[in-house]
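First up is the structure itself, then whatever we jot down about it.
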Amino acid sequence: MSALIQLRDLAKVYQSGDGEFAALHDVNLGIERGEFVAITGSSGSGKSTLMNLLGCLDSPTRGSYLLADRDVAQLSRIELAKVRNEFIGFVFQNFNLLSRTTAAENVELPLIYARVPPAERHRRAREALERVGLAHRAGHTPSQLSGGQQQRVAIARALVTQPPLILADEPTGNLDSATSVEIMKLLTQLQSQGMTIVFVTHEPDIAAYAARKLLLKDGAIISDLRQQPALEKAS
Amino acid sequence: MISPGETLRLAGRALRRNKLRSFLTTLGIIIGVGAVIFIQSIGEGAKSRVRAQIESAGTNIVMLFSGASQGPGGRGGAGSQPTITWEDLRAIQTELPSVAAVAPQINSSQPVISETNTWNTQITGTTPDYFVIRNWPVANGSLFTASDQASAAKTAVIGQTAAENLFGPGVDPLGQIVRIRDAPFTIVGVLERKGQNAMGVDQDDGLFIPLSTFQTRMQRGLGKFVPGRISISAVSPEAIPRVRQEVQQLLRERHRLGPDEEDDFSTSSMAEMTSMLTSTQDTMTLLLSAIALVSLVVGGIGVMNIMLVSVTERTREIGIRMAVGAQPGDIMMQFLVEALVLSAVGGALGVIFGVGLGQVIAPKFGWTMETKTQIVFISLAVSAGVGIIFGLYPARKASRLDPIDALRYE
Chain S
-11 MSALIQLRDL
-1 AKVYQSGDGE
9 FAALHDVNLG
19 IERGEFVAIT
29 GSSGSGKSTL
39 MNLLGCLDSP
49 TRGSYLLADR
59 DVAQLSRIEL
69 AKVRNEFIGF
79 VFQNFNLLSR
89 TTAAENVELP
99 LIYARVPPAE
109 RHRRAREALE
119 RVGLAHRAGH
129 TPSQLSGGQQ
139 QRVAIARALV
149 TQPPLILADE
159 PTGNLDSATS
169 VEIMKLLTQL
179 QSQGMTIVFV
189 THEPDIAAYA
199 ARKLLLKDGA
209 IISDLRQQPA
219 LEKAS
Chain Y
12 MISPGETLRL
22 AGRALRRNKL
32 RSFLTTLGII
42 IGVGAVIFIQ
52 SIGEGAKSRV
62 RAQIESAGTN
72 IVMLFSGASQ
82 GPGGRGGAGS
92 QPTITWEDLR
102 AIQTELPSVA
112 AVAPQINSSQ
122 PVISETNTWN
132 TQITGTTPDY
142 FVIRNWPVAN
152 GSLFTASDQA
162 SAAKTAVIGQ
172 TAAENLFGPG
182 VDPLGQIVRI
192 RDAPFTIVGV
202 LERKGQNAMG
212 VDQDDGLFIP
222 LSTFQTRMQR
232 GLGKFVPGRI
242 SISAVSPEAI
252 PRVRQEVQQL
262 LRERHRLGPD
272 EEDDFSTSSM
282 AEMTSMLTST
292 QDTMTLLLSA
302 IALVSLVVGG
312 IGVMNIMLVS
322 VTERTREIGI
332 RMAVGAQPGD
342 IMMQFLVEAL
352 VLSAVGGALG
362 VIFGVGLGQV
372 IAPKFGWTME
382 TKTQIVFISL
392 AVSAGVGIIF
402 GLYPARKASR
412 LDPIDALRYE
């Protein structure tokens, strides 16, 4: 089977005033299924831009992006929405749960847009919450949950459609270190169950959980290292 | 796009989340639709009351007036110059096949004196046929007769309002004596209650005496011409145009009017009066409804305003939904359906409000309410239309948001 993600000469260029600004250029990258990848770099290095492109929230200016063998570089907004729904689960730094909406309903959200009937939706949402250890909190709204619990609800939402790819943007950025470890353990566990996880972080100890670490600088990948994940080392 | 049921459920939840705001937004629509329903119902009620009143006067009546009703200035109004003779009247009655009955009538307002009271009322001199034409039977006693007519007897038939005012409530007027211009009249019959006519005049406030008596007592002497107005009843409502035509032809012949000469009489039918009066009502109702519609549009602008606020407030929610796979069309539908629900619910409540308002207010002013189902459906459709039209722009705006910007929105 070919790579899940295949980027070729990818570039994102913004028009700014008198000239062009390349937020990302000449990016060539392949990510296999089941990989656990950290994208690191200082702010302004282009890691957010890369994340948005990988997440099909944005289209590249140049280059090609094959996601599960499908060229998604120049799709329409409608097609991109379908791809996001089917292939990608998002985890955000600030959780991005709908307020005043229960955990279960938040988890169900992607299934609504996947046109899954209500009964099956409820069942799958419950299963996803079980996988992140929050089944007992299904009826709670985000304001009734701790930060770590909210992020776990968000992870349940990301995996409820069983997408091949989970993208996490600074998943521990708003959490204390103990909770961060908990979340990274959960992501590691999901990866060991066969999911592909790509996350962005600027903290070296969080990046240490990944098996592969990309370093971006000025819009280009300057290093691509395999490493022994932190949890494997510990055990 | 996701299913309509799902979209509706989403909209309902979003609106319930801001109950007060949703209600206040809806209020604009409620007042607009309520006003339309109220005005239409009152207008329709007034119209059918006018129609009923005119019909209570008899549906197949043609009124015949002496003198010219139209022509160059300087001439008097209808009936100002008597031109119709008793011979003409007899000819109308006997020669025209479409005519059922003919009754002249002369009115005069006079004080009537009973043993206990004096009451100013309308005295009408007429023939027994009048009550047949007007479809107005006696409730008690009998009408004056043709022989009363022939002998100019001092008998009278009384309306219920006049009777109550002359004799007091609960007193049987039959056999009582009243004095008109010093002449004693015996009450032989009490008419059934008829109510107001189209002009709002209480038809029950009156006294009816034989035409011959009226002429000798009130007018001194029988003339060649028939005084006052003449009621003619057609054999059927459909025969009214024919009656008018036949009467015109007959009188022109009898009055030896040349082809260039104008009629020296005029006719009018109740149908004409009905359509004239109801068309006035229609114009009023239309005008007021137009004003009410303006308030409905203002309500629509309120919906648009609140939907725009809602889109801005929920930018991040829109971003989240887009990130997990909502298509632009899904977002558009969500907000459009919200606007539609707001205004449709407002429309439904407005119908209830309008009808309720009518039920409370109408009796206080003696108005009649008549809510047509047609108007209810039109109002509901218009308010739903308002929701769609004014919801379209905010919904489009929401669907065109960039997911990255929307997710980053604080």
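From first to last, the protein sequence lines stand for chains S and Y. Per the working numbering: the first sequence = residues -11 to 223. Per the working numbering: the second sequence = residues 12 to 421. Positions of the beta carbon are idealized from the N, C-alpha and C atoms, including for glycine.
Please say whether Ala195/S and Ala91/S have beta carbons closer to each other than 8 Å? Cβ atoms of Ala91/S and Ala195/S: not closer than 8 Å.
Would you check if there are 3 or more beta carbon pairs closer than 8 Å linking the segment 209 to 222 of chain S to the segment 326 to 334 of chain Y? no
So, does the segment 103 to 122 of chain Y touch the segment 313 to 324 of chain Y, judging by three or more C-beta pairs under 8 Å? Judged by pairs of C-beta atoms under 8 Å, the segment 103 to 122 of chain Y does not touch the segment 313 to 324 of chain Y, as fewer than three such pairs exist.
Cutting at 7 Å between CB atoms, please list the residues of its own chain near Gly45/Y, excluding the five before and the five after it. Closer than 7 Å at the Cβ level, and outside the excluded window around Gly45/Y, lie Gly361, Phe364, Gly365 and Leu368.
Let me know the beta strand (DSSP E) ranges lying completely inside the segment -7 to 65 of chain S, each 3 residues or longer, listed in chain order. -7 to 4, 7 to 19, 24 to 29 and 50 to 55
DSSP three-state label for Ser52/Y, please. Looking at Ser52/Y - three-state DSSP - the assignment turns out to be helix.
Beta carbon proximity, Pro152/S to chain Y, threshold 8 Å: no
Does any CB atom of chain Y fall closer than 8 Å to the CB of Leu174/S? So, not an interface residue.
Helix, strand or coil at Ala126/S according to DSSP, with G and I counted as helix: Coil, per DSSP.
Proximity winner among Ser31/S, Ser64/S, Ser87/S and Asp57/S, relative to Asp46/S (alpha-carbon distances): Residue nearest to Asp46/S within the set Ser31/S, Ser64/S, Ser87/S and Asp57/S is Ser64/S (criterion: CA-CA distance).
Using 8 Å as the Cβ pair cut-off and three pairs as the minimum, do the segment 255 to 262 of chain Y and the segment 127 to 147 of chain Y touch? no
Pull up the distance between the alpha-carbon of Leu203/S and that of Arg111/S, whole angstroms please. Leu203/S and Arg111/S: Cα-Cα distance of roughly 40 Å.
Inspect the beta-carbon positions of Asn(-1)/S and Ala10/S and report whether they are closer than 8 Å. Per the sequence presented here, residue -1/S reads as Ala, with Asn not at that position. Yes, these two residues count as a Cβ contact at 8 Å.
On the three-state DSSP scale, how would you describe Gln116/Y? strand
What is the residue span of the alpha helix (DSSP H) that Thr176/S lies within? Counting along the chain, Thr176/S sits inside the alpha helix (DSSP H) bounded by residues Ser165 to Ser180.
Are the beta-carbon atoms of Leu219/S and Thr176/S separated by less than 8 Å? yes
Would you call the segment 160 to 178 of chain Y and the segment 216 to 232 of chain Y touching, i.e. three or more CB-CB distances under 8 Å? Touching, yes, given that three or more Cβ pairs across the two stretches are closer than 8 Å.
Span of the alpha helix (DSSP H), counted from its first residue to its last, around Leu107/Y: No alpha helix (DSSP H) holds Leu107/Y; DSSP gives it neither H nor E.
If we define contact as Cβ-Cβ less than 8 Å, is Phe24/S a contact residue for chain Y? no
Which residues in the same chain have their Cβ closer than 7 Å to the Cβ of Leu351/Y, if we skip the five residues on either side of it in sequence? Ala395, Gly398, Ile399 and Gly402
In angstroms with no decimal places, state the Cα-to-Cα distance between Thr149/S and Gln132/S. 25 Å
Check Thr323/Y in the structure and name its three-state DSSP category. helix
For Tyr53/S, does the count of other Cβ atoms within 10 angstroms reach 16, so buried, or fall short, so exposed? buried
Given that Phe333/Y touches chain S, what residues does it touch there, using C-beta distances under 7 Å? Sequence check: residue 333/Y is Met here, not Phe. Those are Ala69, listed as they occur along chain S.
Distance, Cα to Cα, Thr289/Y vs Ala69/S? 60 Å
Integer-rounded CB distance, given that Ser36/S should sit under 8 Å from Asp206/S: That pair is no contact at about 14 Å.
Can you list the residues of chain Y that Asn84/S reaches, using a CB-CB cut of under 8 Å? Arg327, Gly330, Ile331, Ala334 and Leu418
Closest to Ser280/Y by CA distance: which of Arg24/Y, Arg228/Y, Phe376/Y and Arg253/Y is it? Nearest C-alpha to Ser280/Y among Arg24/Y, Arg228/Y, Phe376/Y and Arg253/Y: Arg253/Y.
Asp(-3)/S, buried or exposed, once every other Cβ within 10 Å from all chains shown has been counted against 16: exposed
Option in Asp6/S, Gly18/S, Phe24/S and Val15/S with minimal Cα separation from Ile185/S: Phe24/S
Rounded straight-line distance, which links the Cα of Phe78/S to that of Ala113/S: 16 Å
Within its chain, find whatever has a CB closer than 7 Å to the CB of Leu26/Y; leave out the 5 residues flanking it on each side and keep chain order. Ser33, Glu349, Val352 and Leu353
Using the three-state DSSP reduction, which class does Ala198/S fall into: helix, strand or coil? coil
Taking Cβ-Cβ distances shorter than 8 Å, what residues in chain Y pair up with Phe78/S? Ala334 and Val335
Using a Cβ-Cβ distance under 8 Å, would Gln345/Y count as near chain S? no
Could you check the C-alpha separation between Glu17/Y and Gly336/Y for me, to the nearest Å? 15 Å
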